[in-house]
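Our numbering puts the sequence shown at residues 1 to 411. Every residue, glycine too, gets a C-beta built ideally from N, C-alpha and C. Just so we're clear, the structure is a prediction, and the values are computed from it rather than from any experiment. Step one of this worksheet: look at the structure below.
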Amino acid sequence: MSTPYNLIDQNHIRQQFPILQRKVNGQNLVYFDNGATSQKPLRVIEAISRYYSNYNSNIHRGVHTLSREATEAFEAARKSLASFFNVSNQQQIIFTAGTTDSINMVAQGLAKNHLQRGDEIVLAAYEHHSNILPWQLWAEEQGGKLKVIPLKENQQLDVEAIEPLISDKTKLIAVTHVSNTLGLISNLEHIKSISVKHHIPLLIDGAQSAPHMAIDLKALEPDFFVCSAHKMYGPTGIGLLYLSEKWLKHLPISKTGGGTIKTVSFEKTEYAEGALRFEPGTPHIAGAIGFSEAVSFMRELGMDHLHQHENLLVQHAQKRLRELPEVILYGDSAHKAGVISFNIKNQHPFDVGTLLDQYGIAVRTGHHCTQPLMNLLGVPGTVRISFAVYNTLEEIDFFIEKLKRVIKMLN
Ligand SMILES: Cc1ncc(COP(=O)(O)O)c(C=O)c1O
């Protein structure tokens with residue numbers, strides 16, 4: 001098949017991922033579950049291992065060599081993440097346990113003195129539960145209200161429906177950049193313009209966009225941006241919370257402890273300024289180092305290349321799936337990021353996923369932590385395939401061939 005751009009040597013990329021060498025059920029692994037978590041290149045695994053083997057130590061406040069080395073690597077990771085997202089003040093990058101943790105920190109912080117009884121938060125109908133539940137908890141505990149941006153018939157977010165949802169009680173717009181179930185991309189420019197026009201803070205859930213496309217936070221200028229390393233070729237248990245300069249100063253802290261302070265007495269504590277104020281306790285040092293290595297991997301490949309490659313995979317997979325009359329595709333679009341959901345008519349997604357596993361093909365089945373979206377689609381779940389830069393057109397063709405067999409088996 002001819003391609004519209006020069007593929008980087010795909011073998012060269014694949015060789016960097018040890019797990020891609022393994023067999024599953026006697027077959028070559030075809031890993032199409034990248035939306036849940038991506039695989040890790042050797043350089044990330046080695047960076048983590050180097051930290052534990054050579055300079056494992058606690059950070060900040062240590063005068064000995066290992067502690068200085070670990071502190072330097074941790075703060076260098078913050079700097080590298082800031083640069084990856086085009087943020088000039090690295091203090092705006094706060095290391096958290098991941099997207100879910102970051103959203104909870106914002107929700108709990110805002111609930112302290114920015115959200116009042118009767119206030120409203122606007123979310124998208126295809127949010128992940130992680131961008132629903134922290135707000136729902138606030139709404140239930142403190143008398144708030146959630147308003148939901150509907151989807152159009154083609155499952156695209158109906159951004160024209162946002163303004164009618166806005167009132168003088170609206171205190172936040174919190175939307176996912178890319179739907180983890182459909183791969184559809186929210187129109188952030190439009191959403192941002194509404195947030196600016198009505199002076200409403202904007203939170204962007206970048207869990208599914210940061211792995212697939214270049215994100216320029218200087219240009220986007222959200223109030224809050226969150227993502228997880230493990231979906232970006234990095235380790236689990238680490239992610240980030242970006243705060244605008246305003247919120248870096250004004251977001252109330254929701255958890256506290258060692259490392260966040262300037263001075264402590266039993267009478268009063270003076271907190272540190274900047275990122276450290278939000279990072280109590282010993283952070284995930286190895287995680288931050290691995291995260292930084294992962295974005296170096298992405299940056300060296302080139303985010304535009306990566307996006308282009310995944311787009312090619314998505315278009316090819318959608319085209320092949322459309323050819324199968326038994327397949328129902330959701331969120332079919334030329335403009336999407338790395339994720340496709342479908343069902344086989346009259347079959348449970350779980351059965352499809354289990355049978356594909358017999359061929360070494362890893363897909364995700366179920367509601368994908370988007371039950372409100374499943375209710376809208378009127379299905380209990382879908383089969384989801386999601387791509388990373390190491391996936392190939394050949395893997396998609398293999399998957400289609402095996403899917404045809406699965407359809408035959410089930411009918
Ligand atoms: C859009 C979206 N938001 C939030 C999350 C939660 O991410 P994590 O489990 O890394 O906190 C996910 C994970 O699948 C996601 O896809």
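So residue i and residue j are supposed to be a Cβ contact under 8 Å. How far apart are they, rounded?
i, j, result
"SER102", "GLY237", "Between GLY237 and SER102 the Cβ distance is about 13 Å, and since that is not below 8 Å, they are no contact."
"LYS171", "ASP119", "5 Å"
"ILE162", "ILE149", "5 Å"
"ALA412", "VAL44", "A query on residue 412 cannot be resolved here, the shown segment of the chain reaching from 1 to 411 and no further."
"GLN142", "LEU115", "7 Å"
"ILE289", "ILE48", "6 Å"
Which residues in the same chain have their Cβ closer than 7 Å to the Cβ of residue i, if we skip the five residues on either side of it in sequence?
i, result
"GLY258", "PRO280, GLY281"
"THR3", "For THR3, the pLDDT reaches just 46, beneath the cut-off of 50, and the residue's location in the model is therefore unreliable, although a value from the coordinates is still provided. So the list reads LEU312, once near-sequence residues are dropped."
"PRO41", "GLN16, PHE17, TYR233, PHE297"
"ASN113", "PRO252"
"GLY287", "ALA229, PRO235, GLY237, ILE238"
Could you tell me the alpha carbon to alpha carbon distance between residue i and residue j, rounded to whole angstroms?
i, j, result
"TRP247", "PHE224", "8 Å"
"VAL389", "HIS309", "7 Å"
"THR176", "HIS368", "14 Å"
"ILE285", "PRO134", "26 Å"
"ALA125", "LEU376", "9 Å"
"PHE291", "ALA77", "7 Å"
"ASN28", "VAL178", "29 Å"
"VAL63", "SER57", "11 Å"
"PRO380", "PHE350", "10 Å"
"SER80", "PHE32", "28 Å"
"PRO201", "HIS305", "32 Å"
"ALA210", "GLY360", "27 Å"
"LYS319", "HIS348", "22 Å"
"ASN34", "ILE385", "8 Å"
"MET1", "LEU321", "In this predicted model, MET1 has a pLDDT of only 43, less than 50, meaning its place in the structure is not dependable enough to derive any value."
"LEU414", "VAL406", "The question about residue 414 has no answer, for the chain in this structure spans 1 to 411."
"ALA82", "LEU373", "33 Å"
"SER333", "ARG50", "43 Å"
"THR37", "LYS231", "5 Å"
"ILE93", "LEU243", "7 Å"
Short of 8 Å in beta carbon distance, which residues of its chain neighbour residue i, apart from the five on each side in sequence? Order them along the chain.
i, result
"GLY353", "VAL363, ARG364, THR365, VAL383"
"ARG299", "PHE84"
"ARG22", "LEU29"
Beta-carbon within less than 6 Å of residue i's beta-carbon, same chain only, minus the 5 sequence neighbours each way: which residues are those?
i, result
"ILE19", "GLN39"
"GLN358", "ASN25"
"GLY98", "SER228, GLY239"
"GLY109", "LEU251, PRO252, SER254"
"PRO283", "PHE95"
"GLY274", "GLN91"
"TYR55", "LEU66, GLU69, ALA70"
"HIS316", "LEU393, ILE396"
Q.
Any contact between the region 314-326 and the region 190-197? By contact I mean 3 or more CB pairs, one from each, below 8 Å.
A. Counting Cβ pairs under 8 Å, fewer than three are found: no touch.
Q. Which runs of the beta strand (DSSP E) fall wholly inside the region 87-146 and span at least 3 residues, in chain order?
A. With a minimum length of 3 residues, the unbroken runs of beta strand (DSSP E) contained wholly in the region 87-146 fall at 93-96, 120-124.
Q.
In chain order, what are the residue ranges of uninterrupted alpha helix (DSSP H) at least 4 long that sit wholly in the region 368-399?
A. The DSSP assignment places 371-377 as complete runs of the alpha helix (DSSP H) inside the region 368-399, in order along the chain (cut-off: 4 residues).
Q) Which ranges would you report for the alpha helix (DSSP H) in the region 309-368 if only whole runs of at least 4 residues count? A) Runs found: 349-357.
**Q.** Contiguous alpha helix (DSSP H) assignments of at least 4 residues, all confined to the region 162-206
**A.** Within the region 162-206, the runs of alpha helix (DSSP H) that reach at least 4 residues and sit entirely inside it are, in chain order, 188-197.
Q) Is the region 154-163 in contact with the region 179-189, if contact means three or more CB pairs nearer than 8 Å? A) Judged by Cβ distances under 8 Å, the region 154-163 makes contact with the region 179-189, as three or more pairs qualify.
Q) Which ranges would you report for the alpha helix (DSSP H) in the region 196-258 if only whole runs of at least 4 residues count? A) Taken in chain order, the unbroken stretches of alpha helix (DSSP H) that lie wholly in the region 196-258 and span 4 residues or more are 217-220, 245-250.
Q) Mind pulling the alpha helix (DSSP H) runs of 4 or more residues that sit fully within the region 13-83? A) Taking only runs of at least 4 residues, the alpha helix (DSSP H) segments lying wholly in the region 13-83 are 42-50.
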